[in-house]
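Worksheet: one structure, shown below.
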Amino acid sequence: MEQQLAAHERGRALSQSAETMDYKLVEIWGDTVDTRHLAWSVVLGIAISYGAFALANRVLVAYVPDAAMARAYAMLVGLGGCLIAGAVCAKLFRPKREVIEQAHGAAGREEVLKQLASEAGGLGRVADLPPAVVAEMKELGLYELFAEYEKRDEKREGAR
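Residue numbers (my numbering): 0 to 159.
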């Protein structure tokens, strides 16, 4: 419980500090970005990729006899410029997302298992799982959780 309260307080402090930084955040493709950084990233992306293309086109026209082929190679260099622009923007503009972990007790896990069991297909049986999945679940500490839930569920079904 103390861990949950501490995590909640850290999350509130982080969100308040983000508000004071005057970010204008939007969500794009599942990620949170600052609109000013997004605009600068677009400008840098255009400048670097087009600059690489234009420079390569000028250089390659002098060395490649076929102009269409020189332009095609220059486009490849421009694509490389896009990758470089992405790396530069990733370094300049760090992500704005906040990851807040919260510990959930037995009641929370029980609720999640009930929800999964109520969905189409249910949970299934742990005995039907392939050995690789069983090993991974044991490694993550989930196998016992599912096995215990299955036993309790079978007892409930038997009591009906």
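Beta carbons are placed, not taken as given, at the ideal position from N, Cα and C, and that holds for glycine.
Secondary structure at residue i, three-state DSSP: helix, strand or coil?
i: Val133; result: helix
i: Leu24; result: strand
i: Val125; result: helix
i: Val41; result: helix
i: Val63; result: coil
Which word fits residue i, buried or exposed, when buried means at least 16 other C-beta atoms lie within 10 angstroms of its C-beta?
i: Val132; result: exposed
i: His7; result: With a pLDDT of 47 at His7, under the threshold of 50, the modelled position of this residue cannot be trusted, and the question is left open.
i: Ser117; result: exposed
So residue i packs on residue j, CB below 8 Å; how close in whole Å?
i: Val76; j: Ala51; result: 5 Å
i: Ala69; j: Val60; result: 5 Å
Output yes or no for whether 8 Å exceeds the beta carbon distance between residue i and residue j.
i: Val179; j: Glu110; result: In the structure displayed, the chain extends from 0 to 159; residue 179 sits before or after that span and is not available.
i: Ala55; j: Ala73; result: yes
i: Lys95; j: Thr34; result: no
*asked:* Pairs of beta-carbons, one from the stretch 34 to 41 and one from the stretch 80 to 92, closer than 8 Å: are there three or more?
replied: yes
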